[in-house]
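Residue numbers (the working numbering), protein chains in the order written: chain A, 7 to 120; chain B, 30 to 141. We put the CB at the ideal spot given by N, CA and C, even for glycine.
Quick look at the structure:
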C-alpha cells in the first residue's frame, strides 16, 4: 500500500462531457503528479503540482487542468472529453523528505469515453 | 512521448527461471527507476539506481545501468507466478527529478 488513494475507480462518460478525478496523497507529500496511461502503453506525464501551484506540464492541451489543496488532496479536470481520453489516470505523490525521487502511485481511475 | 523502450515487449517463463528485461532511453538522466504494474492498476516502485551507480540489488532484483549506452536491465531471479505483471522503466527529466518519463513496458508471464 502506498497511502495514495484515487476516486472513483471506474468512470464512464460520453464525448463532450467534463470529468473530475480525485487523488488523496500521504500527509506531508506536497508534490503530486498526474499521468495518463493508454491501454498497452507506459504512463505519460500530464502535469505536476507543488504547494498548490502548477510546477511543470507535459504535452497535454489546456482542457486538462488540475488543482491541489492544502490537505494533500488534488483533482484532475478534463473538459470536452474526446474518445482518445479513455485511459487509466494515475496520480503520484512525492515525499519532501527521504528520497524525493521516489513517487508513490495510487491505484488509478479508469476512464472510458463513449 | 515515451523516453524509453523496453525489450522484450513480452516474456513468458517458468517458475524458478530468471527473467531479464532491458530498457533504453534517449537523454541524460539523474536516475532510473523500475516499476511494476499488475493488471492495469497502480504502479509499485521496485528500485532506483542513480546515474553514478552501475549495479544495485534488492532481494531477488538486480538492476544494472550503463549511462554510456543509455541502457538498463532488470533481472528477477528465481521467478514466481506472483511476479506476473508489467514492468516499466522510468527516467527523470534532467533538472526535474519529479517528472518521470516511462518506457513502453515488458509484460512478464510466469507459469507455475
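- Per the coordinates, the alpha-carbon of residue 95 (chain B) lies some 30 Å from the alpha-carbon of residue 45 (chain A).
- Below the 8 Å Cβ cutoff, chain A contributes 39, 51, 54, 62 and 64 as neighbours of residue 128 (chain B), in chain order.
- Look at the beta carbons and you see the segment 29-39 of chain A not touching the segment 46-54 of chain B: under three pairs across the two are nearer than 8 Å.
- In terms of beta-carbon proximity, residue 70 (chain B) lines the interface with chain A, with at least one pair separated by less than 9 Å.
- Residue environment analysis places residue 100 (chain A) among the buried positions, since at least 16 neighbouring C-beta atoms fall within 10 angstroms of its C-beta.
- In the DSSP assignment, residue 69 (chain A) falls outside any beta strand (DSSP E), carrying neither H nor E.
- Taking a contact as a CB-CB distance under 8 Å, the pair residue 65 (chain A) and residue 72 (chain A) does not count as one, their CB atoms being some 15 Å apart.
- Near chain A, meaning a CB-to-CB distance below 8 Å, the residues of the segment 130-141 of chain B are 130, 131, 132, 133 and 134.
- For the segment 72-105 of chain B, residues whose beta-carbon sits nearer than 8 Å to a beta-carbon of chain A comprise 72, 73, 74 and 77.
- Taking the C-beta atoms as reference points, residue 39 (chain B) is found nearer than 9 Å to residue 136 (chain B).
- Within the segment 70-98 of chain A, contact with chain B at the beta-carbon level (separation under 7 Å) is assigned to 94 and 96.
- Taking 9 Å as the CB threshold, residue 28 (chain A) stays off the interface with chain B.
- In the three-state reduction of the DSSP assignment, residue 96 (chain A) falls in the strand class, which pools E and B.
- Secondary structure note for residue 78 (chain B): its beta strand (DSSP E) is the uninterrupted segment 72-79.
- The continuous beta strand (DSSP E) containing residue 85 (chain B) extends over residues 84-87.
- In this chain, residue 58 (chain B) is not harboured by any beta strand (DSSP E), its DSSP state being neither H nor E.
- Put simply, the CB of residue 45 (chain A) is near chain B, with a gap under 9 Å to one of its CB atoms.
- By the beta-carbon neighbour count (other beta carbons within 10 angstroms, threshold 16), residue 75 (chain A) is exposed.
- Taking the Cα of residue 30 (chain A) as reference, the smallest distance to any Cα among A:18, A:81 and A:56 is reached at A:81.
- Taking all protein chains shown into account, residue 101 (chain B) has 16 or more neighbouring C-beta atoms within 10 Å of its C-beta and is therefore buried.
- When DSSP states are grouped into helix, strand and coil, residue 110 (chain B) belongs to the helix group.
- For the pair of segments examined, the segment 54-72 of chain B was found to touch the segment 105-121 of chain B: the number of CB pairs separated by less than 8 Å reaches three.
- Contact annotation, residue 34 (chain B) with residue 106 (chain B): C-beta distance approximately 24 Å; criterion of less than 8 Å not satisfied.
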